[in-house]
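2 protein chains.
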Amino acid sequence: MGKRVTLADVARRAGLSPAAASMILNGRPDTRLSKDAHERVHAAAAELGYRPNMSARALRTDTSHTVGFVSDLVATTRFASGLIKGALGAAEAAGQVVLVAETGGEPEREAEAVSALLDRQVDGIIFASMRARETFVPRLPTGLRTVMLNATNELHRCSVLPDEETGGRRAVELLLDAGIRDGILLLGYDAEAERDLFRSATVAARVRGISAAMADAGARFLHEESIWLWEPAPGYEFTARLLAQGMRPRAIVCLNDRLAFGALQALGDAGLRVPDDVSLVSFDNDELAAYLRPGLTTIGLPHEDMGRRAVELLLTPDGPPEGQHLVEMPVVIRDSIRRP
Amino acid sequence: MGKRVTLADVARRAGLSPAAASMILNGRPDTRLSKDAHERVHAAAAELGYRPNMSARALRTDTSHTVGFVSDLVATTRFASGLIKGALGAAEAAGQVVLVAETGGEPEREAEAVSALLDRQVDGIIFASMRARETFVPRLPTGLRTVMLNATNELHRCSVLPDEETGGRRAVELLLDAGIRDGILLLGYDAEAERDLFRSATVAARVRGISAAMADAGARFLHEESIWLWEPAPGYEFTARLLAQGMRPRAIVCLNDRLAFGALQALGDAGLRVPDDVSLVSFDNDELAAYLRPGLTTIGLPHEDMGRRAVELLLTPDGPPEGQHLVEMPVVIRDSIRRP
DNA sequence: AACCTGTGCTGAAAGGATTTAGCAGCATCA
DNA sequence: TGATGCTGCTAAATCCTTTCAGCACAGGTT
């Protein structure tokens, strides 16, 4: 029953050919169809509630108004879903729809996912990564639009990344603005980490920004503690140990919120109050950061903005512009830095 | 360059008509094509790396091997992305691909999203909800397959829900198994909450299971504390107040992990140790639950299983079977319940 | 009168798969 | 010998949209 309305139905009702109706509905510029014809077609389309059949259109034009989103991980972190959410929003705004695939980072699944998307004639593919910065991408037909999201690739040069360097600067600046220049402890930087595929580029840039801001202020860290695993437990242990050694920092920069969580507990156990005795600033704006008391002031990862940006770049009329597109990291002020 | 391989190419190479090739590749049962023809076609397809054009197929058959996933919220909780992840996995296993749309729960966006999916001839739509149990669904063409995920709807009778009642029982049973029958405190139940659209059904079933298990064991709660906002701060405050009043529970059942987080802090501040002095069990298996020390023993929400299940139901050959399909909640044992 | 030039529109093909109807050849049967 | 049935395959229509080539007519030139 109730078959879908086709272009032919619209054309018939407007007393025109499907060809004319098609041109009019697509707003072809150079056509010579009368004003009257335009009105009749639009009226007919509206009255019948016509919606074009995307499969037919895709078959003919090889564009589906659909973008592919291939991610190594989807559910593990809020980061991943933030990227997707941003992408969905931008796609919706552009009248597109998003095909999502998860690959676990396995090249075979990735190749299969890409094939499945190409079978459906997606207009472009976003490759998002949660774990590796330089990311594997299967061979693709030339001319396919691609954007690397939180990732880079030799062959696919348009990528969207958080502006970690500026973010790093901001963290330090927050402390400086609070009048803290000395006695700052850095928690989490690991020279080894730079060689790690996962966070190498991220961490390097973040630390670069931190160092630059310190240097600009003519300040030096009281101590830099390398920590491999950025989780609450090590954060707790290292902080507790330093405190036990008699170190009395005025502030701690933690390279992520989970370390900060641990540090916060250790400070509490040592009878030190945040932010009165010690200020704390960290990175990521983890869900955690809002739960803690005091709430963590943190430099957030701009998940949604990045996802949004990726779609916008993908749909740029002339194709995605090459280059690293840096997205500003939000400064989330809570209560872990003392008021000046 | 390098145009895609079409069915006609395969047929030509196999020395047959496209019709024959189509039947063979689709494994039509009643056809009378020779064994030899079968082999030639499959060989040709493999050699050329043929992949069918889904748009063409969809145009002809009105099936796209694509499922729609319409969700009110995508990024807010791990719950949402877990549902998606599960759906993606099951879809991949079934050779399908997933079109995701987010609506914010707004009927207009929802209607638009559904239209966009129907334009692409999806084989069915999953309606997922994070916030409302009885969920709005726009009018749909008859015959479209639908599954409600973490939601219910009058007209669309196939839904997937967590088995909260059994989950509630499990929580209590964990305490009973640890030899704790008395001095149990219930934190979070709110009679008012039952009337709240969001978690009404969930909470009601959860509490029903808890009560049933207690009754079965002939046990009664030491105290039941209603808390409206299930966040760490209220968890802390209510627990601290009860302790200050001199209450000394042997165990606390928290209706979610965030409350438990607060309770844990309050217990610590009062000098009580978990699990030695007080055992703690809660719900949701929030990210938080693993971070805390001790790790929270919790009854998890089976996000991924639910997402997976929804796709499986959607693709059931005879259409999604009506009814409430309950998914078992996992018991996540950590260290917040004392060993017996 | 023949020739252009615009104007406003249409016919038909194309895109790639599926599916129905049916053709040719051969064997069987009466 | 003609009818019948089976086997193995193909021609052509169909799904719906887009797009190229071009038709018919009006009005203006030469």
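If you're matching them up, the sequences are chains A and B in order.
Here the first sequence is numbered in full-length UniProt numbering, starting from 1 and rising by one per residue.
Here the second sequence is numbered in full-length UniProt numbering, starting from 1 and rising by one per residue.
Heads up, the beta-carbon is just placed ideally off N, CA and C, and yes, glycines get one too.
Please report the straight-line C-alpha distance between residue i and residue j, rounded to a whole angstrom.
i, j, result
"B/A44", "B/R13", "6 Å"
"A/V278", "A/V67", "47 Å"
"A/T76", "B/R78", "8 Å"
"A/T297", "A/A219", "21 Å"
"B/Y50", "B/T61", "19 Å"
"B/V160", "B/M306", "6 Å"
"A/T166", "A/V311", "23 Å"
"A/N153", "A/P141", "16 Å"
"A/S17", "A/R32", "14 Å"
"B/R208", "B/K85", "29 Å"
"A/E216", "B/S336", "Looking at the sequence shown, residue 216 of chain A is not Glu but Asp. Using only the alpha carbons, I get a separation of about 48 Å."
"B/E304", "B/A87", "7 Å"
"A/R293", "A/R334", "10 Å"
"A/L222", "A/I184", "5 Å"
"B/A72", "A/L174", "Inspection of the sequence shows that residue 72 of chain B is occupied by Asp rather than by Ala. Answer to the nearest angstrom: the Cα atoms are 36 Å apart."
"A/E231", "A/R120", "41 Å"
"A/A263", "A/A240", "8 Å"
"B/A178", "B/G295", "17 Å"
"B/E224", "B/G300", "22 Å"
"B/I252", "B/L155", "40 Å"
"A/E164", "B/P162", "40 Å"
"A/L197", "A/G188", "Annotation note: pLDDT 49 at A/L197 (below 50); position unreliable, no value reported."
"B/A204", "B/P340", "30 Å"
"B/A8", "B/N53", "12 Å"
"A/A113", "B/E237", "49 Å"
"A/A266", "A/D276", "15 Å"
"B/R248", "B/L272", "10 Å"
"B/M329", "B/M130", "17 Å"
"A/G105", "A/T63", "27 Å"
"A/A213", "A/P317", "38 Å"
"A/G143", "B/D36", "39 Å"
"B/L255", "B/A132", "18 Å"
"A/A58", "B/P321", "33 Å"
"A/V274", "B/S226", "31 Å"
"A/G27", "A/A46", "15 Å"
"B/A90", "A/G15", "47 Å"
I'd like to confirm the pairing. Which residues does DSSP put opposite residue i in its beta bridges?
i, result
"A/I252", "A/L185, A/L280"
"A/V331", "A/I299"
"A/L161", "A/L326"
"B/E134", "B/T152"
Between which two residues does the alpha helix (DSSP H) holding residue i run?
i, result
"A/M23", "18 to 25"
"B/F261", "257 to 269"
"A/A54", "Residue identity differs from the one stated: residue 54 of chain A is Met in this sequence, not Ala. Start and end: 54 to 61."
"B/E110", "107 to 119"
"A/T239", "232 to 244"
"B/R12", "7 to 14"
"A/V41", "35 to 48"
"A/E165", "164 to 177"
Provide the residue span of the beta strand (DSSP E) that contains residue i, from first to last.
i, result
"A/I125", "124 to 128"
"A/S71", "66 to 71"
"A/E81", "Sequence inspection shows Ser at residue 81 of chain A; the Glu mentioned does not correspond to that position. Taken as a continuous stretch (DSSP letters only), A/S81 belongs to no beta strand (DSSP E), being part of the alpha helix (DSSP H) at 78 to 93."
"B/A101", "97 to 102"
"A/R145", "145 to 149"
"A/H223", "223 to 225"
Contact defined as beta carbons within less than 8 Å: I believe residue i pairs with residue j. What is the distance between those atoms, to the nearest angstrom?
i, j, result
"B/A260", "B/G235", "7 Å"
"B/L117", "B/A128", "Wrong, their Cβ atoms sit about 13 Å apart, outside the cutoff."
"B/P107", "B/F136", "6 Å"
"A/V327", "A/A171", "The pair is not a contact, with the Cβ atoms about 17 Å apart (cut-off 8 Å)."
"B/G319", "B/R145", "6 Å"
"B/S55", "A/V74", "About 26 Å; that fails the 8 Å criterion."
"A/I126", "A/L149", "5 Å"
"B/V41", "B/A21", "5 Å"
For a test of your reading of the model: does the CB of residue i fall under 7 Å from any non-hydrogen atom of the ligand ZN? Yes or no.
i, result
"A/L264", "The ligand ZN is not part of this structure, which contains no ligands at all."
| said: Quick check for students: name the residue ranges of the beta strand (DSSP E) that lie wholly in the segment 272 to 328 of chain B, counting only runs of 3 or more. | reply: Complete beta strand (DSSP E) runs here, min 3: 279 to 284, 297 to 300, 323 to 327.
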